[in-house]
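Take a look at the structure set out below.
Numbering (our numbering), first residue to last: 25 to 158.
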């Protein structure tokens, strides 16, 4: 289970390593008012970059079973953190998931005060696409 202080510690740790990330998933949905407050098992983050080179160079407690072309995961103080790679091409921001390409809206990387949080449109669009793909 995570709390907001744990989320901030994770983001601060990555920012100290000069990695800019945006909160995504359940925590972001809660902070954007798209879902009611609840318990969270992990922290999901979007990472805009061309590749994983800078992330892979970090000495983190990596979870080998969760290393994919689109995702990396590690443990931070007993909290699982999942990073999703968000690339940009001529069609815009996207993540190449296992079975499909997910296109993000242009405003995916909006902010919410101290904590960078993916936009409401990005969160709702991902949730809808995830439900359709299931």
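Ideal placement from N, C-alpha and C gives every residue a C-beta, glycine not left out. Every value quoted in this text rests on a predicted model; they were computed, and no experiment measured them.
Item: Identify which residue in 60, 76, 70, 84 has its Cα closest to the Cα of residue 92.; Value: 76
Item: Can you look up residue 26 in the DSSP assignment and give me helix, strand or coil?; Value: strand
Item: Once the 5 residues before and after residue 139 are set aside, which same chain residues still bring their CB inside 8 Å of it?; Value: 31, 32, 35, 47, 55
Item: Under the rule that 16 or more other beta-carbon atoms within 10 Å means buried, what is residue 53, buried or exposed?; Value: buried
Item: Near residue 131, what residues of its chain come up, given a Cβ to Cβ distance below 8 Å and the 5 sequence neighbours on each side ignored?; Value: 143, 145, 146
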